[in-house]
Amino acid sequence: MPTPALKVHDLTTEIQLSRATVHAVGNVDLEIGEGETLGLVGESGSGKSILGLSILGLLPGGGHVTGGSIKLYDRELVGMKPRELREIRGNEIAMIFQDSLSSLNPTKSIGEQVAEPVRLHRGASRKEALDRALEVLELVGLPRPRERLSDYPHQLSGGLRQRVMIAIALACEPKVLLADEPTTALDVTIQAQILKVLDDLEQRLGMATLLVTHDMGVVAGRSRRINVMYAGRIVETAPSEELFTAMRHPYTQSLLGSIPRLESDASKPLLSIPGLPPDLTNPPAGCRFAARCRFATDQCRAQEPPLTGSGEHFFACWNPVDGPAVITVSKPAAGAAPAAAVAASVISEPAPAPAAAPAATNGSAPLLELVNVVREYPVTAGALLKRKVNSVKAVSNVSLYVNPGESFGLVGESGCGKTSLGKLIVGIEKPDAGQVKVRGEELFKKRGGELRTARRVVQMMFQDPYGSLDPRMRVRSILREPMQVQGIGSAKEQDQRVRELLGEVGLPVNALERYPHEFSGGQRQRIALARALVLEPKIMVADEPVSALDVSIRSQVLNLMKRLQSEHGMASIVISHDLAVVKYLSDRIGVMYLGRLVELGTGDDIYRRAAHPYTEALIKTIPVPDPAVEKAKADVGIRGELPSPIDPPSGCRFRTRCPLAQEICSQQEPPMRRFGPSHQAACHFPLQTPEPETAATNGAGASAAPSLS
Amino acid sequence: MIGYIIRRLLTAVIVVIGVAAITFAMLHYVAPSPVYIVLGTKATHRAIEVWNRQHGYDRPEIIQFLSYLNNLIHLNFGYAYKFSQPVSALFRENAGRSAYLSGTALVLSLIIALPLGIVQAVKRNSPGDYAATAVNFTLYSMPSFFLGLILIQLLALDLGWFPPGVSDTVTSTLSAITHPRQLFLPIITLALLNVAAFSRYMRSAALDELAQDYIRLARAKGLSERGVLMRHLLRNASLSTITLVGLSVPSLLAGNLLIEILFNYPGLGLLFYNGLTNLDYNVMIAYTLLGAILTVLGNLLADITIAAADPRVRLG
Amino acid sequence: MADSQQIEPLIGEQMEGAMLGPAPSGGLHQLVPDGGEVYVTSSGWRLAWREYASNRLALIALALLVLVVLFCFVGPIFYHSNQTLSNPLAQTEPPSGAHLLGTDQNGFDELGRLMLGGQSALEIGAYASLVAIVIGTLYGAIAGLVGGVLDAVLMRFVDVLLSIPFLIVVLVLATKYSGTVLDISLVLGIFSWLVPSRLVRGEVLTLRTRDFVIAAQTMGATRRRVIFRHLIPNAMSVTIVNITFLIADSILALALLGFIGFGLQFPNTSWGDMLGNAQTYVTNGQWWLVYPVGGLLVVVVLCFNIIGDALRDAVDVRLQRR
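Residue numbers (this note's numbering), protein chains in the order written: chain A, 1298 to 2006; chain B, 561 to 876; chain C, 52 to 373.
Given below as structure tokens:
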């Protein structure tokens, strides 16, 4: 066996804080051979990034490697003189970071930044280094690199900046590449492009790559082996296929089971891992996963399991599992309701959920209706007198409806206008044109008490679990506030209701007297969910409810949302960039691109019978946690960057990136056409055959004219 | 760029007119007419009325203000009755000496403060950083004249190295430059005060930049700490200091005031002080206006420099 | 952080739907609550205080400040001295048993004078900062809340006023208004509110776009409720931190006023006034009339600056803790 390019043995890293020591990485072993990619998967705080930084000797203040060895071929890096280590950094071992905007120096041109390591390590002249920079920028697929050499980072889009960062790493042709969440900050279509670049380069240059990520889908197709990290320990390591099909550690099993997948049946709840990861300043004595593990025994809590196994598959567990989880519905009461709701969605005519039955008997008037809604944000210039010079076309001519009890998902990349649409629906913003009607009435036509009462109907849940709760209010006040505002109930009744809700969202009663800062992100989202439920709304709008959360916490919140949604019989609108999340939670899905709604349909319509090329590309680009599927993927889905919403393309807005685009696409805006009972898409050259009828008027197809007493 | 500067200049003019109005109103409230300086406090009621009418101080305030503005456009700052000279002549005479004092102190303090702040940030929480922070904080919390007094006590009275005040032989700007020993104490006092403010600011600016990801990337490229500092940190950290320097131009003027009084150095500050104690109307208003104009110009200069130095700033 | 707090039992068994097929023995009963435990730390202000108290320098500054306040306000009860009638027979005496810090040129006992001057200096600092913070908070909050044209006009006005150097304005006004504690406080306070008004406006503007404010709006909260329950309490920390800096600056400005000769009516005095003839004292070698009062003043200003810095850090930690 040849010497591995990078070999880490028994590495332990600690971070000394003012009052405590974080045991960030403990006894980690790993090996990467030349031309090989090793996946390192873990949630935030698992120590995976610290491991990467340990290798380069770039630990944050207070961080030290306290034991073990790191070998680059046969050279030991631990304890190496800083000067020698510097000669290795950026030269033989290079690193790619997550956030390309903050990782590039804002006041230096990208040419200079790419050239810098070349000048440093190769002793090249300025001219030579810039030539090399040009070469590498071309290699990573930066369009028109010569013209961009003198551009500054802020002038490039996120995807292009990430390419620049890769170019910096590759400038000196390193032997080892450490990629720390290289695509996490990017949209899926851009992520696919960047991953493709990484794949190609790795093969061409024969580097050893350590791919650090939280996303099982990202590692699935592109690493031979995968290491799973939890709370500073490697808990399982195996060849990719084996890890996904025959995992032995309960954490790996739960982690994979907790990811919502496009192809899976949304009626089955996700596997969820209860609780939170341990505090690494004071890690538990035994297995670090024991507190959250369903199989934990006294031995697990007392004694730390060693990494055992045979061949290429090792795991650290006293009670290993055997392969993926078989999911059963455990609680008939809780499980039956979502099943019913989903059953309704399979019959493609959206039927009301059982709890909303009384509302539906009034005729099938939609609960929420958007008619040709437009929202544009002015772009101003001038210091003293702000004059409007242009506008961001956030939402353009969107029409849709949501029936009582129905859950609707809205999916799209950043900047597609989905968040603005959410704000329009809850009535925080006013449409510039068109109507947003809740139960047939426009919120903005109301005033005073009438408006206040009307607001009960629509409530919202936000993305940022840290910003959505007032930091100066206790949980009790946060949850009572909606009732106080609406003048519902006596103080005692309010308190009773708050306690009920807290139980419903799975938080202990002692949470009542605490402030938001004392909760973890997932717990805060539970509180936010409870707050949205206080007023028993008919519609709940959830804007990226889980995208700030770790995978294991994500499934907790998703399951909870799904259960409460059906228990309360409310309609919901889930907004997310993640199609899998949306598909898991929703009966019907709308796909947005650059301010326009391009396709509408049930989860299966969208996933199995996508009519719009954008939807199809979106599905293709989502990394699937299945090595076989990932490896089979050949192309990158969508080429190019998202055009500016200030000056969107004429006609069909997707035409600039569409493989099927023709003359007509730039001249005429495609109308919504019907492809099935609830399936519509706006495309001149759809991938499915439209139904022969005349073009359907948006939204109205399934419902009679709104008639409300 | 040119368009931006022109637009900014126009705004600046509006601000200056606003400042002139406020200053004028305030001064009018404090001392409605310079008549007492001319005729003395024992002048008869009748004489005062006659003088006021002769010199236009009986007109409505708005008319007085407009005529003052009109004079201002012609660079006529009125007559300093106490000094029996036009204000503009007095200012011309003293401005050079003040500028010399402020300018030298400013340059000196930047030379010390910028590297000091960065070194403090890089070696944060070291004994040296603590010591420098302690000194900075103390200087920052000290009235300027008190620092001057301590230096006079130490360096002039106890050690006798420098004269305690500027002697009367320093009459022109040129003589101020050719007598460095005379000006040592005032310059050092002013410079030290600025060092305290600048280095404190520079330290926190550099700390902010050091926490940025691009510093980590620079290290990952294999740059030495020195390289990281010189090639990446210095420029970005200095950007915010440019603003500070722009903003501190007027405070130099005010700092001058106390230092000039303390060391009896004949600059604009001392002139203002004499005008103030005698309620010399036109000197007070002119000095206040000068301060405001310098502030506006300082801001403008800082903004333009930032716009030129930082590619992220778009002129709008 | 792992307080051995008992987690109260949940209302209702919270096992989410998904579970593994055959549960192994001893599996479920010891699981943590579904949402995870709530680690009990402490209330918000207690956390801020703990963060503050962990800053040893800030604790020393606070203690020192308390001592100075006691010295000024309680000191005269134990240390009697005549501070109303001048004594021509005991002018500028150096420190002795009778006068621990000597006497000044009017024959007043310097130690007693320090207490008296400290009282007015601290009072002026407090009043001036109070005036400034009240005006500044209201002004900034109105500008930030109303927005639009009014905001633009209000803030341009602040820009104009800010371009007049503070010290010069204060000096000009002091030619007419000085002599009483109230006069000087007003003169200082009335031109110190500009910076706080900008800070509060900025804070209100960012708070307005925060999700929790939007959430309050979606539940139908009135404008008044949003302002008083959410915006103002959250903007308070900026204000509180700013008060300490304002006091420090006011006392500094007071010293300059005193040095130039605008102070309290004789025989009242402040530390500023006591430094009025400092230059003469230094030249005459009467050190006891300069360094005790100057040193005390610097210490007080320093303490306020240190406390302000520490408060800012502590409040930041409290809000940003994750």
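Ideal Cβ positions, reconstructed from N, Cα and C, are used throughout, including at glycine.
The model shown is predicted, which means the values in this text are computed figures rather than measured ones.
Buried or exposed: which applies to A:Lys-1835, given that a residue is buried once 16 or more other Cβ atoms fall within 10 Å of its Cβ? By 1-based counting over the first sequence, the position of residue 1835 of chain A is 538. A:Lys-1835 comes out buried.
If we define contact as Cβ-Cβ less than 8 Å, is B:Leu-828 a contact residue for chain A? As a first step, residue 828 of chain B is located in the second sequence; it is residue number 268 there, counting from the start. No - not a single Cβ of chain A is within 8 Å of the one on B:Leu-828.
Can you tell me whether B:Val-647 is helix, strand or coil according to DSSP? Numbered from its first residue, the second sequence carries residue 647 of chain B at position 87. In the structure shown, B:Val-647 sits in a helix (DSSP, three-state: H, G or I).
Is DSSP giving C:Thr-231 helix, strand or coil here? Looking up residue 231 of chain C in the third sequence gives position 180. The answer is coil: DSSP assigns C:Thr-231 none of H, G, I, E or B.
Quick test of your reading: B:Leu-794 and B:Ile-678, contact by CB under 8 Å. State the CB separation rounded to the nearest angstrom. Reading the second sequence from its first residue, position 234 is the one you call residue 794 of chain B. Reading the second sequence from its first residue, position 118 is the one you call residue 678 of chain B. Correct: roughly 7 Å between the Cβ atoms.
CA-CA distance, C:Leu-362 and C:Tyr-103? On the third sequence, position 311 is the one that residue 362 of chain C refers to. On the third sequence, position 52 is the one that residue 103 of chain C refers to. Each residue's Cα considered, the two are about 6 Å apart.
Nearest CA to the CA of C:Leu-140: which residue from C:Gln-134, C:Pro-247, C:Asn-293, C:Gln-156? Here residue 140 of chain C is taken as the residue at index 89 of the third sequence, counted from 1. The shortest Cα separation from C:Leu-140 among C:Gln-134, C:Pro-247, C:Asn-293, C:Gln-156 belongs to C:Gln-156.
For the beta strand (DSSP E) containing A:Glu-1311, list its first residue and its last residue. Locating residue 1311 of chain A in the first sequence gives position 14, counting from the first residue. Here the beta strand (DSSP E) through A:Glu-1311 covers 1303-1313.
Within a Cβ cutoff of 6 Å, which residues of the same chain sit near C:Phe-355, ignoring the five residues on either side of it in sequence? Taking the first residue of the third sequence as 1, we reach residue 355 of chain C at position 304. Cβ within range, chain order: Thr-295, Ile-298, Ala-299.
Would you check if the distance between the CB atom of A:Arg-1519 and the CB atom of A:Leu-1492 is smaller than 8 Å? What you label residue 1519 of chain A is simply residue 222 of the first sequence in a count that begins at 1. What you label residue 1492 of chain A is simply residue 195 of the first sequence in a count that begins at 1. Yes, these two residues count as a Cβ contact at 8 Å.
So, are the CB atoms of A:Pro-1471 and A:Ile-1407 less than 8 Å apart? Locating residue 1471 of chain A in the first sequence gives position 174, where the first residue counts as 1. Locating residue 1407 of chain A in the first sequence gives position 110, where the first residue counts as 1. The answer is no: Cβ separation not under 8 Å.
Along the alpha helix (DSSP H) that carries A:Ala-1829, what are the first and last residues, could you check? Counting from 1 along the first sequence, the entry for residue 1829 of chain A is found at position 532. Start and end: 1818-1830.
Would you grab the beta carbon distance between C:Gln-170 and C:Gly-230 for me? Rounded to a whole angstrom, and I think it's under 8 Å. To locate residue 170 of chain C, count along the third sequence from 1; it is residue 119. To locate residue 230 of chain C, count along the third sequence from 1; it is residue 179. Their Cβ separation, rounded to whole angstroms, is 16 Å, which puts C:Gln-170 and C:Gly-230 out of contact at 8 Å.
How about B:Ala-852: is its Cβ closer than 7 Å to a heavy atom in the ligand FAD? Summarising the ligand content, the structure contains no ligands, and the ligand FAD is consequently not present.
Against chain E, with Cβ distances strictly below 8 Å, would A:Asp-1884 count as a contact? Note that chain E does not occur in the displayed structure, where the protein chains are A, B and C.
Residue-level contact to chain A via CB, B:Asp-773, 8 Å cutoff: Locating residue 773 of chain B in the second sequence gives position 213, counting from the first residue. It does; some Cβ of chain A falls within 8 Å.
What does B:Asp-888 touch in chain A if you count any residue whose Cβ is under 8 Å from its own? Any question about residue 888 of chain B goes unanswered here, given that chain B covers just 561 to 876.
Whose C-beta lies closer than 7 Å to the C-beta of A:His-1320 among residues of the same chain, with five residues either side of it excluded? Start at 1 with the first residue of the first sequence, and residue 1320 of chain A comes out as number 23. Contacts found: Glu-1311, Gly-1529, Leu-1577, Pro-1580.
Count the other C-beta atoms from every protein chain shown that fall within 10 angstroms of the C-beta of C:Met-52, then say buried if there are 16 or more, exposed otherwise. By one-based count along the third sequence, residue 52 of chain C stands at place 1. Any reading at C:Met-52 must be qualified, since the residue scores a pLDDT of 35, below 50, and its modelled position is unreliable; the value itself is stated next. Flag for C:Met-52 reads exposed.
With a threshold of 6 Å on Cβ separation, who are the neighbours of C:Leu-224 within its own chain once the five nearest residues in sequence on each side are excluded? Taking the third sequence and counting its residues from 1, one reaches residue 224 of chain C at position 173. Result list for C:Leu-224: Val-238, in chain order.
Take A:Phe-1951 as the anchor and find which of A:Arg-1458, A:Ser-1397, A:Thr-1486 has the nearest alpha-carbon. The residue labelled residue 1951 of chain A in the question sits at position 654 within the first sequence. It is A:Thr-1486.
When you compare the CB of C:His-281 with every CB in chain A, is at least one pair closer than 8 Å? Position 230 of the third sequence, counted from the start, is the residue given in the question as residue 281 of chain C. By this cut-off, C:His-281 is an interface position.
Should A:Ile-1644 be labelled buried (16 or more other beta-carbon atoms within 10 Å of its own) or exposed? For the purposes of this step, residue 1644 of chain A is taken as residue 347 along the first sequence, with counting starting at 1. With a pLDDT of 31 at A:Ile-1644, under the threshold of 50, the modelled position of this residue cannot be trusted, and the question is left open.
Please determine, among A:Ser-1555, A:Ala-1466, A:Pro-1566, A:Arg-1753, the residue with the shortest C-alpha to C-alpha distance to A:Phe-1394. On the first sequence, position 97 is the one that residue 1394 of chain A refers to. Closest option to A:Phe-1394, Cα to Cα, is A:Ala-1466.
Let me see if you follow: with CB-CB separation under 8 Å, is A:Glu-1425 close to chain B or not? For the purposes of this step, residue 1425 of chain A is taken as residue 128 along the first sequence, with counting starting at 1. Judged by the 8 Å Cβ criterion, A:Glu-1425 is not in contact with chain B.
Examine chain B for any beta-carbon lying closer than 8 Å to the beta-carbon of A:Thr-1318, and answer yes or no. For the purposes of this step, residue 1318 of chain A is taken as residue 21 along the first sequence, with counting starting at 1. Not closer than 8 Å to any Cβ of chain B, the Cβ of A:Thr-1318 fails to qualify, so no.
Checking contacts by CB at 8 Å: is A:Thr-1310 closer than that to chain B? Position 13 of the first sequence, counted from the start, is the residue given in the question as residue 1310 of chain A. It does not: the Cβ of A:Thr-1310 has no partner Cβ on chain B nearer than 8 Å.
Smallest Cα separation from C:Ala-112: which of C:Ile-358, C:Val-292, C:Gln-134, C:Ala-149? Translated into the one-based positions of the third sequence, residue 112 of chain C becomes position 61. The shortest C-alpha separation from C:Ala-112 is found at C:Ile-358.
The segment 1690-1699 of chain A touching the segment 1746-1759 of chain A, judged by at least three CB pairs closer than 8 Å: no
Flag this pair as touching only if the segment 1912-1930 of chain A and the segment 1856-1873 of chain A have three or more C-beta atom pairs under 8 Å; answer yes or no. no
Would you tell me roughly how many angstroms separate the C-alpha atoms of C:Leu-110 and A:His-1865, rounded to the nearest one? Your numbering for residue 110 of chain C matches position 59 in the third sequence. Your numbering for residue 1865 of chain A matches position 568 in the first sequence. For C:Leu-110 and A:His-1865, the distance between alpha carbons rounds to 52 Å.
Can you confirm whether the segment 769-783 of chain B touches the segment 818-837 of chain B when touching is taken to mean that 3 or more C-beta pairs between the two stretches lie within less than 8 Å? no
Mind listing the chain A neighbours of C:Ala-272? Cutoff is C-beta to C-beta under 8 Å, in chain order. Taking the first residue of the third sequence as position 1, residue 272 of chain C is located at position 221. What C:Ala-272 touches in chain A: Glu-1778, Val-1782.
For A:Thr-1677, which residues does DSSP report across the bridge? Mapped onto the first sequence, residue 1677 of chain A falls at position 380. Paired residue(s): A:Lys-1685.
Quick one: complete alpha helix (DSSP H) runs, 4+ long, within the segment 1893-1979 of chain A? 1900-1905, 1910-1918, 1924-1929, 1960-1964
State the DSSP-derived secondary structure class of A:Thr-1658, mapped to helix, strand or coil. Working through the first sequence from its first residue, we reach residue 1658 of chain A at position 361. Confidence in A:Thr-1658 is poor, its pLDDT being 38 and thus under 50, which makes the residue's placement too unreliable to answer from.
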